[in-house]
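First up is the structure itself, then whatever we jot down about it.
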Amino acid sequence: MLALDLILENQTTFTLCCALFGLMIGSFLNVVIYRLPIMLERAWHLESSELLGQNPKPEHVGTFNLNSPRSRCSNCETPISAWQNIPIISFLLLRGKCASCQHAISWRYPFVELTTALLTAVVAWHFFPDVYTAIAAIVLTWTLIALTGIDYDTYLLPDNITLPLVWLGLIVNYFGLITTLDSALWGAVAGYGSLWSIFWLFKLLTGKEGMGYGDFKLLAALGAWLGWQMLPAIVLISSLVAAVIGISLIVFSGRERSKAIPFGPYLAIAGWIVLLWGAEINGAYLSYAGLV
């Protein structure tokens, strides 16, 4: 109890403990980002095979979830032992290569781990000493990291994550941790409805789909967490970030202009920024516009 009291009463200790825990969670998020889309794809194929009366393909049969089978090298299929799975440390000890075949390990794994630890530390420091709000904000941060990775890889924002995130935001704000319940409720409604309206207006004008339904649900979740007042800032920041990164990719990496880019990561980035500094951003805008 004394150790727990020390952690909860000291900002630096609390932040360091959260960062270390975030490092471990980052390792788990790597698993979620890689495996969840495969799990969903396998489930869809199995359901399709059953509806069509066909035998499922062998690669879609068998246990595959977040726990099983054990993590293994993508090149030689050698299972990864416990000591090879320590966040950051194992990557450094192995010098970024598989212990069995010396195949290069993607830098993405330590990047996600470090990013999760860093963002967790920032959130913990920002919300201290309001520990309950800090914990809620950290959970939101972890979820946004997972959604960013999945959408970047697959152009998919799974309902398995976005819909529970909406409900969790409403539950968090039932206790008034980030905003009021009324603001959270209308934030969820306005978040979904605004992008839904833009989607159909764009489709009517161009005949093309400008974004996916997962984006609607993610903005609804952010509205449920942060309140309807923060939605304009989220949409504006995400659009600016998307424009800057999109133009940079076209200019510096030769990306085709017609190639779609996932919007979920930009919503997630904007949502995290607003989570920490939304009140200041809104206040600065209103002051600049002469409304306050």
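For the sequence shown, the working numbering gives the first residue as 114, with consecutive numbering after it. The beta carbon of each residue, even a glycine, is placed where N, CA and C say it ideally should be. All values reported here derive from a predicted model rather than from experimental measurement.
### Query
If you drop the 5 nearest sequence neighbours on each side, which residues of the same chain put their C-beta closer than 8 Å to that of Phe241?
Gln124, Phe127, Thr128 and Ala247
### Query
Using the beta-carbon count (16 or more within 10 Å), is Ala373 buried or exposed?
exposed
### Query
Within the present structure, is the beta-carbon of Asp266 separated from the nearest heavy atom of the ligand COA by less than 7 Å?
The ligand COA is not among the ligands present in this structure, which contains no ligands whatsoever.
### Collapsed DSSP secondary structure at Arg155 in the structure displayed
helix
#### Entry: Touching by the beta-carbon criterion (3+ pairs, under 8 Å), the segment 303-312 and the segment 350-361
no
### Query
Going by DSSP, what residues sit across from Ala217 in a beta bridge?
Lys210
### Query
Quick one, which of Ala392, Arg155 and Val244 has its alpha-carbon nearest Thr176's?
Arg155
### Query
What are the boundary residues of the alpha helix (DSSP H) that includes Phe315?
Leu294 to Thr319
### Message
Quick check: the Cα distance between Ser352 and Arg185, rounded to an integer number of angstroms?
### Response
38 Å
### Message
Given this structure, state the Cα-to-Cα distance separating Thr233 from Asn188, to the nearest angstrom.
### Response
32 Å
### Task
Please say whether Val279 and Ala337 have beta carbons closer to each other than 8 Å?
yes
### Task
Look at Thr191 and Ser213 and say whether their C-beta atoms are less than 8 Å apart.
yes
### Query
Is the Cβ of Gly327 closer than 8 Å to any Cβ of chain B?
Of the protein chains in the structure, only one exists, and it is not chain B.
#### Entry: Boundaries (first-last residue) of the alpha helix (DSSP H) holding Ile251
Val244 to Thr267
### Query
Taking Asp328 as the reference, which of Leu257, Val387 and Ser400 has the closest Cα?
Leu257
#### Entry: Asn273 classed as buried or exposed, judged by whether at least 16 other C-beta atoms fall within 10 angstroms
exposed
### Message
Which same chain residues end up closer than 8 Å to Ile59 when comparing Cβ atoms and leaving out the 5 residues on each side of it in sequence?
### Response
This structure does not reach residue 59, given that the chain is present from 114 up to 405, and the question cannot be answered.
### Task
Thinking Gly289 and Leu332 are a contact (beta carbons under 8 Å), I'd like their distance in whole angstroms, please.
The pair is not a contact, with the Cβ atoms about 22 Å apart (cut-off 8 Å).
### Task
Would you kindly work out how many angstroms separate the C-alpha atoms of Leu380 and Leu335, rounded to a whole number?
9 Å
### Rounded straight-line distance, which links the Cα of Tyr222 to that of Tyr401
42 Å
### Message
Contact defined as beta carbons within less than 8 Å: I believe Phe376 pairs with Met324. What is the distance between those atoms, to the nearest angstrom?
### Response
5 Å
### Query
Is it true that the CB of Gly262 sits closer than 8 Å to the CB of Val235?
no
### Query
By how many angstroms is the C-alpha of Ala132 removed from the C-alpha of Val174?
38 Å
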